[in-house]
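Everything below concerns the one structure shown next.
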Amino acid sequence: MSNAFRSYDLEVSGGSVIGKDHRRDGRNNQDAYFFKQGSGYAVALVADGCGSSRYSEVGSHIAVELVGSLLLEQALRFFCGRKEEEVATMPRPLPIWERVRLDAVSNIRVLSNQMGPSLSKSVNDYFLFTLVGALITPIESYFFSIGDGVIFVNGEMIQIGPFENNAPPYLGYEIVGSDAHSGADAFHFKVHRSLPTENLDSFLVGTDGVMSLVAAEAEFIPGKEEFVGPISQFWNEARFFTNPQTLQRALNLINREAVLIDWERQKVDKEKGHLPDDTTLVVGRLAPRREGE
């Protein structure tokens, strides 16, 4: 198999909504997401900034762009010209994961040093974030994380975390250290699932807030007599891919606060959203191409 994307089209959509608790407290959405593809390769990433950091949403946005671009670059370089049989027999984890991690840490260290006299303050204020992602190559697909979150591969859920004391292993701790984590690989990429790309039908990568979305399946959307619905709708229903804003609108509706006025009883009711934490996801599916395309 020289290039799986000659036989399949990859459809992708993503969205992010602020958690109702963050909205109540006047805080920003600390999540971010990223997707990019080229030459038969694709990367999808979500990041969740530390809730106790002052500006972790800044680091989340930088992280997905930085790590996503590094990973795509390394994947193109590593897999180009290699045959499926060669990749299948290589020791795991593949060397690209450590190359990307070291490059990302180096870039974050340089940027943090330029942001003020205290390296640890810059990292703790801006660069504590989790990462959950997917790397799609012509040969194999990989689903990975540093920290907590959730992954779905062909409908199967992989929940990552929660970690003890709600303290996930942020990549930034590689620079400033952490008393909550020990071990040489505490801040390394963990590959939770890999499979031949020809066997991949659908995937979802999400921050830990997605678990509340999963749990809300049988709840009504605030202000509507319509169920939130199963998480599988996001990769099964074409509407989420044909219009890239559909998924974002769905998240907004699920987490809005609806005001219901009963004029007859002169009563005002409020229906609150279902997502306490910031909730961010990227969803994709591989569709067979039609002949002649």
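Numbering (numbering that gives the first Met the number 0), first residue to last: 0 to 292.
Glycine is no exception: its CB is placed at the ideal position from the N, C-alpha and C atoms.
Rounded straight-line distance, which links the Cα of residue j to that of residue i
{"i": "V122", "j": "I174", "result": "8 Å"}
{"i": "G14", "j": "R23", "result": "20 Å"}
{"i": "L71", "j": "A133", "result": "11 Å"}
{"i": "R53", "j": "T241", "result": "37 Å"}
{"i": "D8", "j": "E83", "result": "20 Å"}
{"i": "R284", "j": "E10", "result": "5 Å"}
{"i": "G80", "j": "V66", "result": "23 Å"}
{"i": "M0", "j": "L170", "result": "Bear in mind that the predicted position of M0 carries a pLDDT of just 30, short of 50, making it too unreliable to give a figure here."}
{"i": "S140", "j": "I159", "result": "18 Å"}
{"i": "I61", "j": "P161", "result": "24 Å"}
{"i": "L259", "j": "V267", "result": "6 Å"}
{"i": "P229", "j": "S117", "result": "46 Å"}
{"i": "E224", "j": "V204", "result": "28 Å"}
{"i": "N106", "j": "N251", "result": "34 Å"}
{"i": "F128", "j": "D261", "result": "44 Å"}
{"i": "P90", "j": "C49", "result": "33 Å"}
{"i": "G176", "j": "D184", "result": "13 Å"}
{"i": "T196", "j": "F142", "result": "12 Å"}
{"i": "D200", "j": "R76", "result": "25 Å"}
{"i": "L69", "j": "G182", "result": "25 Å"}
{"i": "K35", "j": "S119", "result": "31 Å"}
{"i": "I157", "j": "G115", "result": "39 Å"}
{"i": "S51", "j": "F126", "result": "12 Å"}
{"i": "N198", "j": "F188", "result": "23 Å"}
{"i": "V213", "j": "Q113", "result": "41 Å"}
8 Å CB neighbourhood of residue i in its chain, flanking five on each side removed
{"i": "P275", "result": "G18, K19, D20, G208, S211"}
{"i": "N27", "result": "I17, H21, E56"}
{"i": "F380", "result": "Residue 380 lies beyond the range of the chain shown here (0 to 292); nothing can be said about it."}
{"i": "D277", "result": "S15, V16, I17, G18, H21, N28, Q29, D30, D47, T206, G208"}
{"i": "F78", "result": "Y40, V86, T136, P137, I138"}
{"i": "N2", "result": "Its pLDDT being 37, under 50, N2 is placed unreliably in this model, and the coordinates cannot settle the point."}
{"i": "V104", "result": "L170, E173, I174"}
{"i": "A237", "result": "none"}
{"i": "H180", "result": "A166, P168, Y172, F186"}
Cβ neighbour criterion (16 or more within 10 Å) applied to residue i
{"i": "R264", "result": "exposed"}
{"i": "W234", "result": "buried"}
{"i": "S6", "result": "Note that S6 scores 49 on pLDDT, short of 50, meaning its location in the model is unreliable; the coordinates nonetheless yield the value given after this. With fewer than 16 other Cβ atoms within 10 Å, it is exposed."}
{"i": "T206", "result": "buried"}
{"i": "P167", "result": "buried"}
{"i": "D124", "result": "buried"}
{"i": "G154", "result": "exposed"}
{"i": "V109", "result": "exposed"}
{"i": "G58", "result": "buried"}
{"i": "T88", "result": "exposed"}
{"i": "S111", "result": "buried"}
Close-in-space but distant-in-sequence residues of the same chain around residue i (CB under 7 Å, 5 per side omitted)
{"i": "H273", "result": "S211, A215, E218, V227, I253, N254"}
{"i": "F4", "result": "Confidence at F4 is low in this model, with a pLDDT of 39, below 50, so its placement is unreliable and the value that follows should be read with caution. Hits under 7 Å: G39, P137."}
{"i": "P243", "result": "S12"}
{"i": "Q73", "result": "I95, R98, V99"}
{"i": "Y32", "result": "G13, S15, L44, V45, V63, T279, V281"}
CB-CB length for residue i against residue j, believed under 8 Å
{"i": "V86", "j": "T279", "result": "At roughly 30 Å, the Cβ-Cβ gap does not stay under 8 Å, so V86 and T279 are not in contact."}
{"i": "P221", "j": "E270", "result": "4 Å"}
{"i": "F202", "j": "I145", "result": "Not really, about 18 Å apart at Cβ, beyond 8 Å."}
Sequence-distant residues of its chain with Cβ nearer than 6 Å to residue i (five each side left out)
{"i": "A257", "result": "P221, G222, E270"}
{"i": "L93", "result": "none"}
{"i": "V131", "result": "V45, S144, G148, V204"}
If you pair each beta-carbon of the stretch 140-159 with each one of the stretch 189-203, do three or more pairs fall below 8 Å? Three or more beta-carbon pairs separated by less than 8 Å link the stretch 140-159 to the stretch 189-203, which places the two stretches in contact.
Within the chosen definition, does the stretch 39-55 reach the stretch 91-109 through at least 3 CB pairs nearer than 8 Å? Touching, no.
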